[in-house]
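Residue numbers (our numbering): 1 to 169.
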Amino acid sequence: MAESEELVKESNGEIEVELARRGNGLGSVIHDLLFGIASDGQIPLSRRIRVSISTNAPRLKDASRRSAQALLTWTREGSTLRVLLVISVGTITLLALTGLLIFMVFFLAATLNAIIISLLMSLAAAGGFLALFFAFTTFIYVGALFVAAFVISTAVTLSIIGIIIATGE
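Next up, the structure:
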C-alpha cells in the first residue's frame, strides 16, 4: 500500500484521479471503500460497489486489527482516566448498537405484522377502495418505520464516527 504522503494515480477511463491515501487505518480503509463507490458516475452503481468491496474488503480485517491494537496501546500508555474513557466509550457504543439491533428486530416484526394484517383486511374487505385504503395505510406505516430506522441509524453512525475521531483513528 502507498505511504501517507504519496499520491496514488488511478485511471478510470479518460479522467485521471489522484487519491491521497492516508495509510492503512480503519478510517482510511472505510474512506477508500466509500470513495470507490461514489467516485465515478459513469460506471454502473452495482459494478462500482462490487469493485470497491472486492478491493477494500480484504483490507478491513487487518485495519480493524491495527486499530484495535493501536487503541489497546494508547489505553495502556495512559492513566487510569484514559482506561475509564475507553471503557465508557466502548460501553456506550455497545449499548447504542444493541439498541439499534433490538429496534431492527421490532421493526422487522412490525413491518411483517402490518403487511400481513393489511393483506388479510384487504382480502376480507368487500370493495377495492377499502383494500386500497389499507394498502396505503400500510405504506404510510412502513414509511414511518423507515424514517425512524434512518434517524436511529444516523445517530448510531454519527456516534461511532465521533468515537473514532475522539480516539484519533
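We put the beta carbon where it would ideally sit given N, CA and C, even for glycine.
Check: Using the C-alpha atoms, what's the distance from residue 71 back to residue 77?
Finding: 10 Å
Notebook entry, point to check: Thinking C-beta only, is residue 36 closer than 7 Å to residue 52?
Noted result: Yes; because the gap between Cβ atoms is below 7 Å, this pair is in contact.
Next item on the list: Please report the residue range of the alpha helix (DSSP H) in which residue 42 lies.
Entry: No alpha helix (DSSP H) holds residue 42; DSSP gives it neither H nor E.
Note to self: If I follow the unbroken alpha helix (DSSP H) through residue 170, where does it start and stop?
What the structure shows: Nothing can be reported for residue 170: it is not among the residues displayed for the chain, which extend from 1 to 169.
Next item on the list: Please state if the CB of residue 86 and the CB of residue 163 are separated by a distance shorter than 7 Å.
Entry: no
Check: Roughly how many whole angstroms lie between the Cα atoms of residue 66 and residue 25?
Finding: 7 Å
Checklist line | DSSP state of residue 79 mapped onto helix, strand, coil | finding: coil
Next item on the list: Leaving aside the five residues before and after residue 154 along the sequence, list all residues of the same chain whose C-beta is less than 7 Å from its C-beta, in chain order.
Entry: none
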